[in-house]
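Written out below as structure tokens is the structure these notes cover.
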Amino acid sequence: MKKVLIGIAAVFFVLIAAAIIVPLVFKKEIVQLAYDEIEKKVDAKTNVGDINLSILKNIRNFPNIALSLDDVTLVGKNEFDGDTLLNLGNLKASLDIMSVIKGEEYKVEAIELYDVKLNAIVNKNGLANWNIIKPSDDTTTSEPSKFKLALNKLILDNVNLYYDNLQTSDVLKVENIQHKGKGDFSTDIFDYISTTEIEKLSVQQGLIKYLSNAILKFDSKININQKENKYTFKDNKLELNDLGLLFSGFVQAEEDKTNLDVNFKADKTNFKSILSLIPAIYAKDFNSIKASGNVDLSGSAKGTLVGDNYPNFNALLKVDNGQFQYPDLPTAVNNVFINANVQHQQGNLDETVIDISRLDFKMGTEPIQAKLRIATPLSDPDVNLLAKGKLNLANVLKIYPMEDIDKLSGNANIDLAIKARMSDVEKKNYTAIQASGIVQGNNIEYASKDVPKPVSVSNLTMNFSPQYIALEQCKALLANSDFDITGKLENYIGYFLSNNGVLSGKLNINSNKIDANQFLPDSTSANQSKAQQAKEVVRIPKNVDFIATTKVGELLYDKLTLKNIEGNTNIKDEQLTLNNLSAQLLGGSAIISGFYNTKTDIPTAKLNYNISNFNIQEVYKFVDVAQQAAPIMKHIEGNFTSNMNITSTLTPDLSPVLNTISGTANFKMPWANISGVNTMKKIIETTKLKQLENIRIENIDINTTIANGRILVQPFTVKANNMNMTVGGSQGLDQTLDYAVAIDVPWQDLNQEAGAFAKNLLAKNPIPQLNNAIPEVVRINLKVTGTAKDPKITVGKPDGKIGSGAMKDVVKEQVQEQVQQIKEEAKQTFDTLKTQAKETAKQTLNNLISGNKNDSTATNPVDNIKKTGEDLKEKFKGKLPWQK
């Protein structure tokens with residue numbers, strides 16, 4: 104007995120010693136290996152707060168070793184710069200202690216994840232922020248990982264997933280996933296037993312919410328045969344809100360196909376369980392709802408999945424005489440009848456038939472009826488739709504509790520019948536299309552806390568025909584903005600039947616007043632990441648082609664008030680185009696052409712202005728960009744005429760991003776009074792030319808080019824108080840200055856202090872051709888640097904003339920130097936873009952050759968190269984100072 108106790112004590116001592124020694128011996132190697140695994144696999148900005156190795160911290164899996172990673176973040180690069188893909192509070196992997204001691208490979212037997220936020224984004228170009236795995240041809244990934252999965256336990260605690268697809272407007276939010284699973288993956292056949300709970304599940308596409316903060320629970324027991332790749336459902340129950348689904352059957356993956364035999368059915372047969380799937384109903388006092396009616400919900404999938412050949416599947420939903428009512432409200436929804444099924448026979452998915460043969464219900468005493476059947480949904484959608492009913496919107500408040508609704512009233516009528524094939528629509532074979540009906544709305548008013556501004560529709564009438572929808576009238580108010588719209592919408596059937604269908608139309612839009620400020624995000628969005636800004640952008644629809652004749656009496660945007668707006672606009676392919684839109688503003692008038700494009704995450708705009716008689720003080724007061732880019736305007740009085748051609752990216756509130764502005768602008772002013780400019784004060788202080796304190800200049804003609812974040816001002820000469828001033832150079836949009844100024848002063852006009860300054864300047868820098876004579880006109884050359892608030896003045900060598908002798912043009916020389924510098928900077932930018940284009944083409948070709956389908960940019964490489972070239976040409980077209 105004594106020997107046994109000694110033996111136990113020895114074993115215990117060895118285990119304790121191992122718990123202390125093994126992590127110390129192997130920590131450096133394993134920690135470095137973990138860092139190497141992240142570095143060689145992931146192309147992102149990675150940060151790991153801490154990595155630990157311990158047996159004692161892994162007591163539940165004793166004597167295995169716990170590899171723990173704390174505060175792990177993955178932040179995107181390039182298009183997703185600043186956007187966090189992953190934020191992981193703690194990851195714990197349990198390593199088999201004997202595999203660690205042997206050192207050949209490290210077996211991971213358990214994985215635990217805590218406090219995880221996964222932010223998945225697809226941008227407007229179709230790029231996904233999770234495509235961060237380095238390509239397989241990277242030399243750093245040639246060696247296989249030394250970590251091997253021998254999993255027998257998986258724990259997820261507070262895992263959150265946010266998915267936002269800006270291309271398709273799909274949004275998925277999964278909050279607080281709790282998962283516990285166990286199974287011996289080291290054996291060929293075992294049961295994986297798990298429980299999964301999701302606190303909030305939301306699914307949305309565009310404006311349609313399929314699920315909102317739904318609760319999901321899944322208790323699962325799956326028999327896994329790893330040798331045969333067969334997964335058999337034993338005891339499985341999925342609960343979504345109040346609806347429970349029971350699963351049975353199996354899924355088996357073979358080399359080139361997958362065999363399925365899966366069945367499901369609802370565990371409850373009451374109408375209330377189906378109601379729980381309607382987001383608005385489940386969110387409001389669901390437990391208190393009184394409901395009745397019988398339900399049948401079931402489905403199956405049986406057969407083989409090979410490529411595009413799908414197995415048999417079907418789903419059935421039947422509701423008989425459903426009814427529900429909130430106990431505190433006077434009116435019920437009753438007489439609910441639903442017959443709906445989805446059928447598919449083994450083969451192509453195009454053989455699927457969706458048939459809602461009956462959807463009837465009454466809201467109070469008003470009946471609503473609908474039918475929908477869709478066949479051949481992929482190749483040639485064949486649709487048969489009937490909808491008829493009347494709705495008094497005020498009754499909705501008597502049926503459904505709406506604490507957040509401030510106002511809801513009005514009447515809506517619909518009587519619609521459509522029967523059409525997509526092929527007939529595309530061929531414009533209108534004789535084979537049946538489409539008729541009317542949609543009307545009268546005195547509709549809606550206001551709520553969820554909608555930024557109240558909506559009011561006094562009259563809405565739409566008549567349906569096979570060719571078009573005639574919008575007979577649409578008179579509406581959005582907050583303080585009124586709209587009166589008429590016209591025709593063509594190809595509406597093709598638009599709804601096909602993802603590529605284009606809804607076209609010709610509209611007349613009239614308004615007395617539009618207040619655009621009520622619909623734009625605030626300017627704080629400019630400080631957000633690219634992805635956050637992209638979510639707030641006012642998007643132009645993709646598959647529409649609207650031509651609109653527009654008349655607006657008054658439009659408010661930011662601090663500006665535009666009046667008597669007239670012109671044509673075109674909305675097409677995610678772009679709003681303005682065609683010679685005229686308006687009165689800022690004391691003058693303007694004709695504006697250009698576009699606002701939202702094909703990319705961050706919108707771009709190009710505008711051509713023909714401006715007449717703008718008041719400079721009005722521009723400075725009401726245009727924020729002018730205050731930032733040209734603060735000198737504060738000290739100038741007068742009017743100007745201008746031609747501008749400007750391109751820029753925009754923030755969500757439609758303000759230009761200053762460092763992306765490029766283009767040209769010409770300014771002409773018949774006269775201008777200038778006083779109080781910091782730069783002029785510094786020049787006066789330096790040269791003693793008092794006549795520059797308050798000057799009036801006339802016949803000003805200034806040509807500028809904006810490129811690489813700077814406004815390049817070509818040399819111009821003006822007469823100021825009997826002096827000729829030549830100015831040229833550039834200033835940054837950050838208000839930095841780099842100007843050359845030449846002031847030609849008649850010697851007789853120099854006051855005593857200025858004369859002394861000029862004599863001293865000539866004494867230090869004699870002009871050989873004057874032979875020490877006093878010039879009739881002395882040219883004072885100055886260099887102006889610093890900023891608009893704090894300018895720096897440097898005095899250069901003077902020049903002068905007697906009679907008609909020419910003087911050296913220092914201003915033009917210095918401006919030419921700046922032009923050359925901008926050329927070089929542009930060339931560097933161009934070379935960088937060319938390199939990026941080559942790398943993109945190379946990567947795309949590699950993806951195609953290797954069959955890598957995970958890269959969402961894997962399109963035709965020739966098209967990619969061609970598009971890159973076009974982008975490069977467009978990027979510099981007409982934007983650089985030497986381009987004429």
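Note that the sequence shown ends on residue 987 in the working numbering; no numbers are left out. Glycine residues also receive a C-beta, built at the ideal position from the N, C-alpha and C atoms. Predicted model only: the values in this text are computed from it and were never measured.
Classification of residue i by the beta-carbon crowding that lies within 10 angstroms, buried from 16 upward
i	result
P484	buried
E973	In this prediction, E973 has a pLDDT of 45, which is less than 50 and means its spatial position is unreliable; what the coordinates show is noted afterwards. Exposed, since its Cβ has fewer than 16 Cβ neighbours within 10 Å.
E920	exposed
P126	Residue confidence is low: P126 scores 48 on pLDDT, short of 50, so the model does not pin down where it sits. Its coordinate-derived value is still stated next. The residue in question, P126, is buried, as its Cβ has 16 or more Cβ neighbours within 10 Å.
F622	exposed
V409	exposed
T468	exposed
K180	exposed
I377	buried
T782	buried
A383	exposed
L432	exposed
I870	buried
N748	buried
K391	Position check: residue 391 holds Ser in this sequence, whereas Lys was assumed. S391 is exposed by the Cβ-count criterion.
Pair within 8 Å by beta-carbon distance, residue i and residue j
i	j	result
T829	T820	yes
K915	D902	no
E548	K510	yes
K276	I296	no
L481	L452	yes
G540	L519	yes
D359	N328	no
N683	I668	no
K393	P430	yes
L216	L194	yes
L380	N344	yes
T744	I714	yes
N498	T434	yes
W850	I877	yes
I805	F860	no
Q537	I521	yes
A768	T807	yes
V780	I719	no
K371	D399	no
L658	A619	yes
K862	E879	no
Other residues of its chain near residue i: CB distance less than 7 Å, five sequence neighbours each side excluded
i	result
L606	L592, N594, Y595, Y598, N646, V647
V445	N417, A418, T455, I457
Q730	Y723
Proximity to residue i [Cα-Cα], best of the options
i	options	result
Q834	K360, Y429, N811, K822	N811
N762	V728, E788, I517, N415	V728
E278	K330, D287, V219	V219
G690	A651, V641, A733, G741	G741
L710	I764, Y723, L663, K702	I764
Q472	I459, A478, T479	I459
K465	I477, K474, N438, A490	N438
Any chain B beta carbon closer than 8 Å to residue i
i	result
D837	The structure shown contains no chain B; it holds only a single protein chain.
6 Å CB neighbourhood of residue i in its chain, flanking five on each side removed
i	result
Q986	Because Q986 sits at a pLDDT of 39, beneath the cut-off of 50, its placement in the model cannot be relied upon, and the point is left open.
L304	V277, L314, A317, L319
G697	L681, K709, L710, N711
Whole-angstrom C-beta distance between residue j and residue i, which should lie under 8 Å
i	j	result
N673	T652	Actually they do not touch by this definition, with Cβ atoms about 11 Å apart.
L269	N222	Actually they are not in contact, since the Cβ atoms of L269 and N222 sit about 13 Å apart, beyond 8 Å.
N615	G656	5 Å
K666	Q687	5 Å
V918	I883	V918 to I883, Cβ: 17 Å. No contact.
A845	V913	6 Å
E796	I787	6 Å
G899	L885	7 Å
K777	I739	As written in the sequence, residue 777 is Ile, which differs from the Lys given in the question. With 8 Å as the limit, I777 and I739 qualify as a contact, their Cβ atoms being about 5 Å apart.
I588	N611	7 Å
F288	N255	6 Å
Neighbourhood of residue i by C-beta distance below 8 Å, restricted to the same chain and skipping five residues each side
i	result
S601	P484, M525
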